[in-house]
């Protein structure tokens, strides 16, 4: 689906406890002619839930983008240890109530729309947390959209609760009308990149020092259609003594 793109950050390379699956997504406004004509919002949320079910088995998840969701500051994206019978129908039996009680902040007051309600339900059922208005860099819950309809908070970053310790900060960047009517949003995450190449890779070739005596051979090789002999010759050059090579 073109409205969402998934990326995987491998735990072995980035030093995470689990893989991280990032979904960059856009949900068209619910009242747009395109949405009403195609019913695409329903398709997007259904596909999103399917993908979350699949990727949550393999690691943590982060959703980021223009979700066109309005969420009132009073809405909680978690449940407490108190029993709430109204949640029993859609929460899994092994759901563990969240200990995160830190409230969110918002610069403006906005009513929760249909997208906002669906996101809140998604956060509760999948144990996701909204970063806007509760993390270093955006403790106030800044406005993300400025247009002819006014100001609003439409752009979010939402991630698995288990990944919160790896979040360094989340910020709403400077508004630039010449670029977009939305502010860019940035999230910085803690990682320990493993710069060691995988063991199954071939030893990188050294930089071969050019010699004029190779000129004719080079020209003849350009005329060949079978490149396997050339590849073999190149690989054999890796055995040239170090003094005949140049530093990379």
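Numbering (the numbering used here), first residue to last: 44 to 291.
All residues carry an ideal CB built from backbone N, CA and C; glycine is no exception.
Specify the secondary structure class of residue i as computed by DSSP and reduced to three states.
i, result
"residue 155", "coil"
"residue 80", "helix"
"residue 150", "coil"
"residue 366", "No information on residue 366 is available, as it lies outside the stretch 44 to 291 that the chain covers here."
"residue 263", "helix"
"residue 181", "strand"
"residue 122", "coil"
"residue 59", "coil"
"residue 229", "strand"
"residue 236", "coil"
"residue 167", "helix"
"residue 255", "helix"
"residue 96", "helix"
With burial defined as no fewer than 16 other Cβ atoms inside 10 Å of the residue's Cβ, what is the status of residue i: buried or exposed?
i, result
"residue 186", "buried"
"residue 220", "exposed"
"residue 107", "buried"
"residue 263", "exposed"
"residue 203", "buried"
"residue 162", "buried"
"residue 100", "exposed"
"residue 159", "buried"
Looking at the secondary structure, which residues open and close the beta strand (DSSP E) in which residue i lies?
i, result
"residue 8", "Lying outside 44 to 291, the shown extent of the chain, residue 8 is not represented and no answer is given."
"residue 109", "102–109"
"residue 215", "210–215"
"residue 347", "Absent from the structure is residue 347, since the part of the chain shown begins at 44 and ends at 291."
Is it the case that the Cβ atoms of residue i and residue j are separated by a distance below 8 Å?
i, j, result
"residue 91", "residue 199", "no"
"residue 147", "residue 180", "no"
"residue 65", "residue 50", "yes"
"residue 58", "residue 235", "yes"
"residue 228", "residue 215", "yes"
"residue 95", "residue 169", "yes"
DSSP has residue i in a bridge; who is on the other side?
i, result
"residue 172", "202"
"residue 65", "50, 105"
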